[in-house]
Amino acid sequence: MITSNPRHLRGSYDVIVVGGGPAGLEAAVAAQEAGADHVLVVDREPEAGGILLQCIHCGFGLHRFGEELTGPEYAQRVVKQALAHRIDIVTDAFVLDIDLQRRVKLMTREEGVSLVEARAVVLAMGARERTRAAARIPGARPAGVFTAGMAQRLVNLYGWLPGRRAAILGSGDIGLIMARRLTLEGVEVAGVFELMPHPNGLNRNIVQCLHDFDIPLHLSTTVVEIHGHNRVEKVTVAPVDGDLRPQMERAWEVECDTLLVSIGLIPENELSEQLRLRMDPVTRGPVVTSAMECSLNGVFACGNVVHIHDLVDFVSAEAMLAGRSAGLFAIGAPLRPDNVRLLPGENVAYCVPHTISTEREHTVYMRTRRILEGCRLRLVAPDGRIVYEKRLRYVFPAEMVNLKLKPAILQHFHDDALRIDIVGRSAER
Amino acid sequence: MLFDVLIIGGGIVGCAIARELSRYRLEVALCEKEVEVGFGTTKANSGIIHGGHHAAPETLKGRLEWEGNQLWDDLAADLGFGFARVGELTVALHEEQLPVLDRLLHHAAVKRIPGVERWEPARIRSEEPALSHDILAAVYAPTTAVVNPYEACYALAENAVQNGVTLLTGLPVRRLHQKDDLWEVVTPGAYLASRFVINAAGLYADVIAAMAGVQTFTIHPRKGEEYLLDKRLRGLVKRVIFPCPSPVSKGILIIPTYDGTIMVGPTAEDVHDRTDLTTSARGAQTVFDAVRRLAPGIHEKDVIAQFAGLRAAADGEDFIIGPTAKRGFINVAGIQSPGLTAAPAIARRVVELLRDERLKLELRDDFIAKRPAPIHFAALSTQEQIALALRDPRYRRIVCRCEIVTEGEVLDAIARGACTLDGVKFRTRAGMGRCQGGFCTIRCMELLARARQLPMTAVTKRGPGSWLVCARTEEEKASAT
Numbered sequence: 001m002i003t004s005n006p007r008h009l010r011g012s013y014d015v016i017v018v019g020g021g022p023a024g025l026e027a028a029v030a031a032q033e034a035g036a037d038h039v040l041v042v043d044r045e046p047e048a049g050g051i052l053l054q055c056i057h058c059g060f061g062l063h064r065f066g067e068e069l070t071g072p073e074y075a076q077r078v079v080k081q082a083l084a085h086r087i088d089i090v091t092d093a094f095v096l097d098i099d100l101q102r103r104v105k106l107m108t109r110e111e112g113v114s115l116v117e118a119r120a121v122v123l124a125m126g127a128r129e130r131t132r133a134a135a136r137i138p139g140a141r142p143a144g145v146f147t148a149g150m151a152q153r154l155v156n157l158y159g160w161l162p163g164r165r166a167a168i169l170g171s172g173d174i175g176l177i178m179a180r181r182l183t184l185e186g187v188e189v190a191g192v193f194e195l196m197p198h199p200n201g202l203n204r205n206i207v208q209c210l211h212d213f214d215i216p217l218h219l220s221t222t223v224v225e226i227h228g229h230n231r232v233e234k235v236t237v238a239p240v241d242g243d244l245r246p247q248m249e250r251a252w253e254v255e256c257d258t259l260l261v262s263i264g265l266i267p268e269n270e271l272s273e274q275l276r277l278r279m280d281p282v283t284r285g286p287v288v289t290s291a292m293e294c295s296l297n298g299v300f301a302c303g304n305v306v307h308i309h310d311l312v313d314f315v316s317a318e319a320m321l322a323g324r325s326a327g328l329f330a331i332g333a334p335l336r337p338d339n340v341r342l343l344p345g346e347n348v349a350y351c352v353p354h355t356i357s358t359e360r361e362h363t364v365y366m367r368t369r370r371i372l373e374g375c376r377l378r379l380v381a382p383d384g385r386i387v388y389e390k391r392l393r394y395v396f397p398a399e400m401v402n403l404k405l406k407p408a409i410l411q412h413f414h415d416d417a418l419r420i421d422i423v424g425r426s427a428e429r
Numbered sequence: 430m431l432f433d434v435l436i437i438g439g440g441i442v443g444c445a446i447a448r449e450l451s452r453y454r455l456e457v458a459l460c461e462k463e464v465e466v467g468f469g470t471t472k473a474n475s476g477i478i479h480g481g482h483h484a485a486p487e488t489l490k491g492r493l494e495w496e497g498n499q500l501w502d503d504l505a506a507d508l509g510f511g512f513a514r515v516g517e518l519t520v521a522l523h524e525e526q527l528p529v530l531d532r533l534l535h536h537a538a539v540k541r542i543p544g545v546e547r548w549e550p551a552r553i554r555s556e557e558p559a560l561s562h563d564i565l566a567a568v569y570a571p572t573t574a575v576v577n578p579y580e581a582c583y584a585l586a587e588n589a590v591q592n593g594v595t596l597l598t599g600l601p602v603r604r605l606h607q608k609d610d611l612w613e614v615v616t617p618g619a620y621l622a623s624r625f626v627i628n629a630a631g632l633y634a635d636v637i638a639a640m641a642g643v644q645t646f647t648i649h650p651r652k653g654e655e656y657l658l659d660k661r662l663r664g665l666v667k668r669v670i671f672p673c674p675s676p677v678s679k680g681i682l683i684i685p686t687y688d689g690t691i692m693v694g695p696t697a698e699d700v701h702d703r704t705d706l707t708t709s710a711r712g713a714q715t716v717f718d719a720v721r722r723l724a725p726g727i728h729e730k731d732v733i734a735q736f737a738g739l740r741a742a743a744d745g746e747d748f749i750i751g752p753t754a755k756r757g758f759i760n761v762a763g764i765q766s767p768g769l770t771a772a773p774a775i776a777r778r779v780v781e782l783l784r785d786e787r788l789k790l791e792l793r794d795d796f797i798a799k800r801p802a803p804i805h806f807a808a809l810s811t812q813e814q815i816a817l818a819l820r821d822p823r824y825r826r827i828v829c830r831c832e833i834v835t836e837g838e839v840l841d842a843i844a845r846g847a848c849t850l851d852g853v854k855f856r857t858r859a860g861m862g863r864c865q866g867g868f869c870t871i872r873c874m875e876l877l878a879r880a881r882q883l884p885m886t887a888v889t890k891r892g893p894g895s896w897l898v899c900a901r902t903e904e905e906k907a908s909a910t
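Sequence order for the protein chains is A and B. The letter at position 348 of the first sequence is residue 348 when you use this note's numbering, and the numbering goes up by one with no holes. The letter at position 171 of the second sequence is residue 600 when you use this note's numbering, and the numbering goes up by one with no holes.
Now the structure itself:
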């Protein structure tokens, strides 16, 4: 993998991008194409490319590049593109702080700690994994409890096996992919246990990672206790009732030396919180405009730091938008304002961006709360009038819903808020 | 190896005794069964230096509590560990608890603890706005402090070693024999002999006493579960918040830890298994039900880590400190709360006991009182960070993103004795933040492997059996051949 560490940092940049994953790299290129001359990408890993570098499986890039790539291949393309645009990428570096004047406190291997000015900042820090503590799994605290992503990193980037027999809590995509990966490495996977009545990962991963390898998936089941003094020895699992309460009388024990936890991602917003950006309590990312601008002028965000995406291709699209806006802001070009707030309504957990303009075309990303079939997605005016309606065959929480919103749809809409509902028949057991 | 004094148990008490004895011209050994000191009860301690007014003045622990409290400022200054007198409030939620507050005020008056006073609701609300409006009154004590218990333990051990104490870790004591004027101490790795043996073996103090043939008490492990909350709740309370205590426990507290996180707990549950460090759904429920009565805004969803520790309670609930029927064998047992607070005073008492037993105590003139404090990069000012990173390239790489711990700090911790992931974590905070090691675990494993020249498969979480990786992947095996 190629990266470029600039020999010397400048004292100021037009745009500083925090995070050198696909979001950050795409944003950097877009910022430069929009007119920003000096763009710096800061990444804390030894190589740029983000979490894609450890995702050695296929399934990336169909939308973005029109072909199926592995994670490292996708990463290589965006890194190469950034280098071709002469973007400065500094790796093994860390943004310690950003102040309200967009002064960035930076740590690099070459220069130590320095303060660098930025006309615009793009937050592209990605996400971190929810941990065992977040799920409050009781029991002992032995070695051998890993988040699925950390296990993936150990296996794919460092070449170490985390154990010999694993149980997996949570059917998130990383957990499913690791079930297959460990099986291929000769590690026995005792089963995947999912609290909810439906899988939490993409359907293709259920089929390709579990069914094809005869790995059992236990829905409505969770880990209720971890055993083992030094190393995991076994876990107790139990089915849950309709209110997700474990039914201990039906519990059983699973012998294993490893427990992988794949129970979701949380946007990594330490810097956003330091900047006191307005946050969305559902996405746990910053509130953004249609230009991907946060509540502080000149600060933009894209990718998993805003909300958790299921495809990197959509991250790229969002990042290009954020980068372009940051570039324009940096050269002093005015960003056109939004005039409508989007409000998540029935069955809609959240929608991003949080505001739009009736004058421009937008892609709105959202997630449903429940599995529904035969649905209608509706845009509803404050007076209850349905402004727009679209049929969707099937929606479920693990798959993001995208809505292309053209100005024509909102031609006769003059209010300041629009509610999004998704109604349909419940398809849950 | 022949020693004047051999201390069994490297918890906060054993380490405090070792450091106190290192002031004298003596051959002292500290023998710990775990691979690092502080890995027993100490690591799960709540980290409170109690105000001095909780335990009744007529008990031994009541006297040592206040005596110990007053020794901590100098100790923290000399040894360079975090310590802050944040104060505490003991709050009454019901009319029938009000006499408890009077009793605490009475204890404070008898022990002459300065500044302890009663607060009425208006004062409580203005000083601690997160607390429940149901609180009727409180007793405020400015003398209560918070400390990082394992940091204090490491500091004491390091300073003891600086002054010539022999630290033997990973060495469980199997048998004790008295032969003439010597105690023979049999361990799997070494044969040791000492004139005096100090039994500071915590949860196993009764087992060690039995080996010496003086089985006069039993240790009853009492479990406490603790829950650490996300850093964004920093400042929720400024002082340690106590409910009114019950006869067996000080109750479930809200603790603003020295490191800036909020910790809630502990529970108090008698258990039989001395290795049972499990947390439970019931324990979590108990803790959160209790603390919500004190501060209604606290919520389980903010938990970033949970753990349990075992208090080494002896029959009768008081400390057992003193000589035994066997000459040269001294018990320091039953050190439950306020054991951390009392530890420096216990150490002084042990010195007096040894003097009474006619051990010749001569002060050394080359005693080094100060330990060079480890650097905590995150706590430095920007200018200090810039200067440090300029001087030393090891401070130009972040190992733990949540707590902002640099490579230099991790390497320093290893140089000071950390040989496990937990040892690095307790010394540097790497892995203690909200991602719970997701980012730093592999980095710390690599640094441990490199600095200690271990294969990755030999890097452990907390010693033998707690391995982290077991074998190479197929691809690595193929590329290696």
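Note that CB positions come from ideal geometry on N, CA and C, so glycine has one too. It should be emphasised that the depicted structure is a prediction, and the values quoted were computed from it without experimental measurement.
Measuring alpha carbon to alpha carbon, tell me which of the options ends up nearest residue i.
| i | options | result |
| --- | --- | --- |
| His523/B | Pro674/B, Asp609/B, Gly440/B and Ile759/B | Pro674/B |
| Glu399/A | Val423/A, Val380/A and Thr368/A | Thr368/A |
| Leu723/B | Glu791/B, Val615/B and Ile681/B | Ile681/B |
| Gly439/B | Lys490/B, Cys864/B, Tyr633/B and Ala538/B | Tyr633/B |
| Arg820/B | Gly112/A, Ile266/A, Glu225/A and Phe396/A | Gly112/A |
| Tyr687/B | Gly593/B, Gly738/B, Thr573/B and Glu875/B | Thr573/B |
| Gly264/A | Glu194/A, Cys256/A and Ala330/A | Glu194/A |
| Met640/B | Asn628/B, Asp563/B and His649/B | Asn628/B |
| Gly144/A | Thr70/A, Glu73/A and Ile226/A | Ile226/A |
Would residue i pass as a contact of residue j if the rule is Cβ separation under 8 Å?
| i | j | result |
| --- | --- | --- |
| Asp383/A | Ile356/A | no |
| Asp14/A | Ala36/A | yes |
| Trp160/A | Met885/B | yes |
| Ile542/B | Gly491/B | no |
| Val732/B | Leu658/B | yes |
| Val240/A | Val254/A | no |
How about residue i: is its C-beta nearer than 8 Å to some C-beta of chain B?
| i | result |
| --- | --- |
| Glu129/A | yes |
| Pro162/A | yes |
| Asn230/A | yes |
| Lys234/A | no |
| Tyr350/A | no |
| Leu83/A | no |
| Asp173/A | no |
| Met1/A | Interpretation of Met1/A is limited by its pLDDT of 45, a score under 50 that renders its predicted location unreliable; the figure taken from the coordinates is listed afterwards. Chain B, which has no Cβ nearer than 8 Å to the Cβ of Met1/A, makes this no. |
| Gly24/A | no |
| Pro138/A | yes |
With a cut-off of 8 Å, does the C-beta of residue i fall near any C-beta of chain A?
| i | result |
| --- | --- |
| Ile833/B | yes |
| Glu462/B | Checking the sequence shown, residue 462/B turns out to be Lys, not Glu. Closer than 8 Å: no. |
| Glu904/B | yes |
| Phe736/B | yes |
| Lys854/B | no |
| Gly599/B | no |
| Met885/B | yes |
Please report the straight-line C-alpha distance between residue i and residue j, rounded to a whole angstrom.
| i | j | result |
| --- | --- | --- |
| Phe146/A | Thr258/A | 8 Å |
| Pro725/B | Val348/A | 30 Å |
| Ile684/B | Leu788/B | 41 Å |
| Glu729/B | Phe717/B | 7 Å |
| Arg376/A | Tyr365/A | 16 Å |
| Pro893/B | Ile833/B | 29 Å |
*Can you check the region 739 to 764 of chain B for any beta strand (DSSP E) of at least 3 residues that lies completely inside it and give the ranges in chain order?*
Here the runs fully enclosed are 749 to 752 and 758 to 762.
*Whole alpha helix (DSSP H) runs in the region 859 to 901 of chain B with 4 or more residues, listed along the chain?*
870 to 881
*Give, in chain order, every unbroken run of the alpha helix (DSSP H) that is at least 4 residues long and sits entirely within the region 521 to 557 of chain B.*
527 to 540 and 550 to 556
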